[in-house]
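In my numbering, the protein residues as written are 7 to 177. Notes follow once the structure below has been shown.
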């Protein structure tokens, strides 16, 4: 059987592949410790010019963020995008609320589900795809203190089991 050769990519094809790549700006790792993630949705962001430039520099924090629903629209609150260093009077407020670009049915579904006790909608990841800023949001249920301790214990047990198996393999 003849081996297939992969065709060489032209410079334009390489540039397009690089532009289409998923370029992560910020992740909310604390969310996985504090919440049970139930449903994930990708949403667009309505941003100003200096916010986009600050994000392209790789600067943002999602730790204190949440999603709020108001008059049929979804808003991202508490996310910190620092001011753009070369910005002038047109700079943005670092913690302003930002509109999420979602379909009406998605907004309604998330708004109804987030009204239940213990549920909220939080941002998990902020990234660029094809030059557009996107945020992955999730419907999440808050963990109790004992849930967090149990999850840490399970992680530690799995790590110890993996370590023991790798030691056994190397003997």
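In this text, a Cβ means the ideal position worked out from N, Cα and C, and glycines have one as well.
Indicate whether residue i and residue j have their beta-carbon atoms separated by less than 8 Å.
i, j, result
"residue 71", "residue 55", "no"
"residue 131", "residue 87", "no"
"residue 144", "residue 127", "yes"
"residue 141", "residue 49", "yes"
"residue 26", "residue 138", "no"
"residue 51", "residue 106", "yes"
"residue 146", "residue 74", "no"
"residue 3", "residue 60", "What the structure shows of the chain is the stretch from 7 to 177, and residue 3 is not part of that stretch, so it cannot be assessed."
"residue 173", "residue 129", "no"
For residue i and residue j, I'd like the C-alpha separation in whole angstroms.
i, j, result
"residue 34", "residue 98", "22 Å"
"residue 6", "residue 171", "Outside the modelled stretch of the chain, which goes from 7 to 177, sits residue 6, for which no answer is possible."
"residue 92", "residue 102", "19 Å"
"residue 38", "residue 133", "18 Å"
"residue 162", "residue 11", "45 Å"
Would you mind working out which of the options sits nearest residue i, comparing C-alpha positions?
i, options, result
"residue 150", "41, 173 and 116", "41"
"residue 104", "30, 112, 53 and 157", "53"
"residue 47", "15, 175 and 80", "80"
Can you pull the DSSP bridge partners for residue i?
i, result
"residue 128", "144"
"residue 107", "50"
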